[in-house]
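Respectively, the protein sequence lines represent chains A and B.
For the first sequence, the numbering used here begins at 1 and goes up steadily by one.
For the second sequence, the numbering used here begins at 1 and goes up steadily by one.
All C-beta atoms in this analysis are idealised placements derived from N, C-alpha and C, irrespective of residue type, glycine included.
What you are looking at is a predicted structure, and each value in this text was computed from that prediction instead of being measured.
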Amino acid sequence: MTNQYYEFFCPVKVIAGKAALEHIPYELTGLGAKRPMIVTDKGVRAAGLLDPVLAACEESGLEIISIYDDVPPDSSTGVVKDIAGIYRREKCDSLIAVGGGSAIDTAKAVNILVSEGGDDIAKYSGAGVIKHPLKPFLVVPTTAGTGSEVTSVAVITDTAKSVKLPFTSSFLLPNAAVIDPRMTLTLPPHITAATAMDAMTHATEAFTCMAKNPLSDAYATAAIKKISKSLLKVMDNPKDRDNRLELAQASTMAGIAFSNSMVGLVHALGHATGAICHLPHGLCMSLYLPYVLEYNLETIREPLGELLLYLEGPEVYSSTPASRRAEASISALRKLRDELYKRCKLPRTLKETGSVEEHQLDTIAELAMDDGSMMFNPKEVTLEDARAVLKTAWA
Amino acid sequence: MLAKRIQPMVFQARRLYVELMFQVMGRALQAVSEIDASVQKEARALPEGFLFEMMVMPDGSRLIVEHTGDGRFHYHGDSAPRPVDLSIQFKHIAHAFLVLSFQEKTSVAFANDRMLVDGDISYAIRMTRILNRLETFILPRLVAERAVKEYPSNLHLPEKLLSAARIYLKVATNFVETVRA
Numbered sequence: 001m002t003n004q005y006y007e008f009f010c011p012v013k014v015i016a017g018k019a020a021l022e023h024i025p026y027e028l029t030g031l032g033a034k035r036p037m038i039v040t041d042k043g044v045r046a047a048g049l050l051d052p053v054l055a056a057c058e059e060s061g062l063e064i065i066s067i068y069d070d071v072p073p074d075s076s077t078g079v080v081k082d083i084a085g086i087y088r089r090e091k092c093d094s095l096i097a098v099g100g101g102s103a104i105d106t107a108k109a110v111n112i113l114v115s116e117g118g119d120d121i122a123k124y125s126g127a128g129v130i131k132h133p134l135k136p137f138l139v140v141p142t143t144a145g146t147g148s149e150v151t152s153v154a155v156i157t158d159t160a161k162s163v164k165l166p167f168t169s170s171f172l173l174p175n176a177a178v179i180d181p182r183m184t185l186t187l188p189p190h191i192t193a194a195t196a197m198d199a200m201t202h203a204t205e206a207f208t209c210m211a212k213n214p215l216s217d218a219y220a221t222a223a224i225k226k227i228s229k230s231l232l233k234v235m236d237n238p239k240d241r242d243n244r245l246e247l248a249q250a251s252t253m254a255g256i257a258f259s260n261s262m263v264g265l266v267h268a269l270g271h272a273t274g275a276i277c278h279l280p281h282g283l284c285m286s287l288y289l290p291y292v293l294e295y296n297l298e299t300i301r302e303p304l305g306e307l308l309l310y311l312e313g314p315e316v317y318s319s320t321p322a323s324r325r326a327e328a329s330i331s332a333l334r335k336l337r338d339e340l341y342k343r344c345k346l347p348r349t350l351k352e353t354g355s356v357e358e359h360q361l362d363t364i365a366e367l368a369m370d371d372g373s374m375m376f377n378p379k380e381v382t383l384e385d386a387r388a389v390l391k392t393a394w395a
Numbered sequence: 001m002l003a004k005r006i007q008p009m010v011f012q013a014r015r016l017y018v019e020l021m022f023q024v025m026g027r028a029l030q031a032v033s034e035i036d037a038s039v040q041k042e043a044r045a046l047p048e049g050f051l052f053e054m055m056v057m058p059d060g061s062r063l064i065v066e067h068t069g070d071g072r073f074h075y076h077g078d079s080a081p082r083p084v085d086l087s088i089q090f091k092h093i094a095h096a097f098l099v100l101s102f103q104e105k106t107s108v109a110f111a112n113d114r115m116l117v118d119g120d121i122s123y124a125i126r127m128t129r130i131l132n133r134l135e136t137f138i139l140p141r142l143v144a145e146r147a148v149k150e151y152p153s154n155l156h157l158p159e160k161l162l163s164a165a166r167i168y169l170k171v172a173t174n175f176v177e178t179v180r181a
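This is how it looks when you write it as structure tokens:
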């Protein structure tokens, strides 16, 4: 009898494709919401991404009661409290997050406060603290990478204590994620590349780390196939709506995969590098992915070899001997990174970032050792191992 | 019919086994922190007075240890002097039994959602490394390989035997002292 056991959970309705935004009024009405508040950031508003959302609601007679467009890149407890105050004052009854990871995490935290009560979001920090369903909540992602629209986690900085507060509950998941190609059309090339590689890493780690399971595998492989096929096409033609939609869907699928099977050493190193050197998350993921796969190679040879089919297609897969497929998968990812470097100078080594000093590698390794993702890496990582991977990734 | 009759006894035996293993592990954690420099180094990063609990939900067996400073642990038995800082909770006694009888590695149990972490996740990762180190010392290699993700290649037999002997001696002494008290 097999010892395999797994859990899989994703109750988020995915609304994806052409004119998806126009479904927002119907979805909110179906949830009994009439007075929505939008949470977004200045960049999204300046790029005009809010306009089609507002037009879609206005045309259906749904009034947006309030718009908060000042979410900072690293959202804080103070911002959450302020937004919750506006929500209550304006008697809103639902939330729509329009943006990337920060706007979505902020809206998740605001939803906790306006649903559970109080002004101190810190007291809801941790796992399983929230016991009841929250207010109706829709998410419209404007990047194709984080997968936050389908994850049950939010991270908010407690500025007073200088710590990051994690919130974990299935109740944080939105009622629906609205994936519309219009929302990612204007993403600049380097952000398109970094966020897509973030999604690629989510899917690859979901497929090769310890908590992999048949359902997350299905989402992960589908996401890898879409990114491999569409990323360079979008880089060459940023207005390619069809392939933009493919990337956005891949990001959501990778999000579903990794939120159910977790991630490993790439994320541990990436979180530590982000915290110490303030490098964007997607960039760190893209940078570390091949080096970590090489480090984990002997433990993940079989699943990594399988990924060649989704990275390079059936011809390359069938013409590659089974014993060489894992290495070929790593080569395919390296090739993709080289192409991205050619197109938008997305760094391939720590040195190329220009933001990391060699003497910081030890500190990054030490911080990475305490990262939660380390638990799910298929190979036991020692401090020396982490240092060695960082050295390889240096130049 | 017979299976139904003996089922309560099996449950009782499993509960007693988990309880006993928690008592051994709690004492062994205190012992290993007194003799092993690697464990002390890991534990030093924990705040002084840090209380760690491992328990079976909802209110089953538990072990509580405190970091008393300088990398040393003190075993508190099954009651904490104040609210704990970090709690690793098995969702069911069956899951605790799987891990404590070395049928499922701790890391696999985490991956399989058998356990919840209540507290700072980075401390949970650190405590798991300490538990792994302890298990590699006190279990025969064949059993330890079933308990930890990867058996350390640099742990050689003489060091293992010597450390195991010292840990078991301290655990036994602690048991005797507890009984006498």
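For B:G69, three-class secondary structure by DSSP: As a working note, residue 69 of chain B is residue 69 in the second sequence. Note: B:G69 maps to strand in three-state DSSP.
Would A:K379 count as contacting chain B if we go by Cβ distances under 8 Å? Along the first sequence, read from residue 1 onward, the residue named residue 379 of chain A stands at position 379. Yes - at least one Cβ of chain B is within 8 Å of the one on A:K379.
To which residues does DSSP link A:P166 through a beta bridge? Indexing the first sequence from 1 puts residue 166 of chain A at position 166. According to DSSP, which records beta bridges pairwise, A:P166 is partnered with A:V155.
DSSP state of B:E53 mapped onto helix, strand, coil: Residue mapping note: residue 53 of chain B aligns to position 53 of the second sequence, counting from 1. The answer is strand: DSSP assigns B:E53 an E or B state.
Can you list, in chain order, the residues of its chain whose CB lies under 7 Å from that of A:E205, leaving out five sequence neighbours each side? Counting from one through the first sequence, the residue named residue 205 of chain A turns up at place 205. F258, V263, G264, V266, H267.
Is the beta carbon of A:E312 within less than 7 Å of some heavy atom of the ligand FMN? Of ligands this structure carries none, so the ligand FMN is not represented either.
Rounded distance between the beta-carbons of A:P347 and A:L287, thought under 8 Å: Counting from one through the first sequence, the residue named residue 287 of chain A turns up at place 287. Counting from one through the first sequence, the residue named residue 347 of chain A turns up at place 347. Right, the Cβ-Cβ distance comes to about 6 Å (below 8 Å), so this counts as a contact.
Member of B:L20, B:R5, B:D120, B:R27 whose CA lies at the smallest distance from the CA of B:Y168: Reading the second sequence from its first residue, position 168 is the one you call residue 168 of chain B. Among B:L20, B:R5, B:D120, B:R27, the Cα nearest to that of B:Y168 is on B:R27.
Min CB distance B:E135 to chain D below 8 Å: The question asks about chain D, but that chain is absent: this structure's protein chains are A and B.
Can you tell me the Cα-Cα spacing of B:F175 and B:A181, whole angstroms? On the second sequence, position 175 is the one that residue 175 of chain B refers to. On the second sequence, position 181 is the one that residue 181 of chain B refers to. One C-alpha to the other measures close to 10 Å.
On the premise that A:A109 lies in contact with A:P141, defined as a C-beta separation below 8 Å, what is that separation, rounded to the nearest angstrom? By one-based count along the first sequence, residue 141 of chain A stands at place 141. By one-based count along the first sequence, residue 109 of chain A stands at place 109. With a Cβ gap of about 17 Å, A:P141 and A:A109 do not count as contacting.
Between A:G270, A:D74, A:D236, A:K335, which lies nearest to A:E312 when the distance is taken from Cα to Cα? Position 312 of the first sequence, counting from 1, holds the residue named residue 312 of chain A. Nearest of A:G270, A:D74, A:D236, A:K335 to A:E312, Cα basis: A:K335.
Can you pull the chain A residues whose beta carbon is under 9 Å from the beta carbon of B:L116, in chain order? The residue given as residue 116 of chain B occupies position 116 in the second sequence. Within chain A, the residues near B:L116 are A127, G128.
When you compare each of B:V99, B:V148, B:L161, B:L29 to B:V18 by their alpha carbons, which one comes out closest? The count along the second sequence starts at 1 and reaches residue 18 of chain B at position 18. It is B:V99.
By Cβ distance below 8 Å, which residues in the same chain neighbour B:K4 in space, the five residues on each side in sequence not counted? Along the second sequence, one-based indexing puts residue 4 of chain B at 4. Once the five neighbours on either side are set aside, B:K4 has no close Cβ partner at all.
Please state whether DSSP places A:H132 in a helix, a strand or coil. Taking the first residue of the first sequence as 1, we reach residue 132 of chain A at position 132. Three-state DSSP puts A:H132 in coil, outside helix and strand.
Checking the sheet assignment: what are the DSSP bridge partners for B:D118? Reading the second sequence from its first residue, position 118 is the one you call residue 118 of chain B. B:S87, per the DSSP bridge assignment.
Grouping DSSP H, G and I as helix and E and B as strand, with all else coil, what is A:L346? Here the question's residue 346 of chain A lines up with position 346 in the first sequence. Here A:L346 sits in coil by DSSP.
Could you check where the beta strand (DSSP E) with A:F397 kicks off and where it finishes? In this structure chain A extends from 1 to 395, so residue 397 of chain A is not present and cannot be described.
Residue-level contact to chain B via CB, A:G372, 8 Å cutoff: Numbered from 1 along the first sequence, position 372 holds the residue referred to as residue 372 of chain A. Interface residue, yes.
Rounded to a whole number of angstroms, what is the C-alpha to C-alpha distance between B:L67 and B:A43? If you number the second sequence from 1, residue 67 of chain B lands on position 67. If you number the second sequence from 1, residue 43 of chain B lands on position 43. Note that residue 67 of chain B is His in the sequence shown, not Leu. Cα to Cα, B:H67 sits roughly 7 Å from B:A43.
Exposed or buried, A:S323, counting other C-beta atoms within 10 Å across all chains shown (16 or more means buried)? Numbered from its first residue, the first sequence carries residue 323 of chain A at position 323. Exposed.
Looking at A:S94 and A:F452, is the spacing between their C-beta atoms short of 8 Å? This structure cannot settle anything about residue 452 of chain A, because the visible part of chain A is limited to 1 through 395.
Look up A:M37 in the DSSP assignment and give the residues it is bridged to. Here residue 37 of chain A refers to the residue found at position 37 when the first sequence is read from its first residue. A:M37 pairs with A:S66, A:L95.
Below 8 Å between beta carbons: does that hold for A:A127 and B:V56? For this step, residue 127 of chain A is matched to residue 127 along the first sequence. For this step, residue 56 of chain B is matched to residue 56 along the second sequence. Going by C-beta atoms, A:A127 is not nearer than 8 Å to B:V56.
Any contact of the stretch 141–152 of chain A with the stretch 85–103 of chain A, i.e. 3+ C-beta pairs under 8 Å? yes
Please determine, among B:D120, B:F110, B:F102, the residue with the shortest C-alpha to C-alpha distance to B:T136. Translated into the one-based positions of the second sequence, residue 136 of chain B becomes position 136. The shortest Cα separation from B:T136 among B:D120, B:F110, B:F102 belongs to B:F102.
Under the DSSP definition of a beta bridge, which residues are partnered with A:P141? Within the first sequence, numbered from 1, the residue matching residue 141 of chain A stands at position 141. A:G99.
Rounded C-beta distance between A:A203 and A:I224? I'm assuming under 8 Å. In the first sequence, the residue the question calls residue 203 of chain A occupies position 203. In the first sequence, the residue the question calls residue 224 of chain A occupies position 224. Confirmed, about 5 Å.
CB-CB length for A:P166 against A:S125, believed under 8 Å: Indexing the first sequence from 1 puts residue 166 of chain A at position 166. Indexing the first sequence from 1 puts residue 125 of chain A at position 125. Rounded, the Cβ-Cβ distance is 7 Å, consistent with contact.
Hey, A:Q249 and A:A16 are a contact pair by Cβ (cut 8 Å); roughly how many whole angstroms apart? Here the question's residue 249 of chain A lines up with position 249 in the first sequence. Here the question's residue 16 of chain A lines up with position 16 in the first sequence. Correct: roughly 6 Å between the Cβ atoms.
Which residues of the stretch 1–32 of chain A have a Cβ closer than 8 Å to any Cβ of chain B? Give them in chain order. N3, Y5, Y6, E7
Cα-Cα separation, A:E59 to A:M183: In the first sequence, residue 59 of chain A corresponds to position 59, counting from 1. In the first sequence, residue 183 of chain A corresponds to position 183, counting from 1. If I take the Cα positions, the gap works out to 18 Å.
Tell me, please, whether the CB atom of A:A203 is closer than 8 Å to any CB atom in chain B? The residue you call residue 203 of chain A lines up with position 203 of the first sequence. No, A:A203 does not count as interfacial toward chain B.
Which residues in chain A sit within 7 Å of B:K149, going by Cβ to Cβ distance? Translated into the one-based positions of the second sequence, residue 149 of chain B becomes position 149. The contacting residues are E380.
Along the chain, which unbroken stretches of the beta strand (DSSP E) at least 3 residues long are found entirely within the stretch 2–58 of chain B? 50–56
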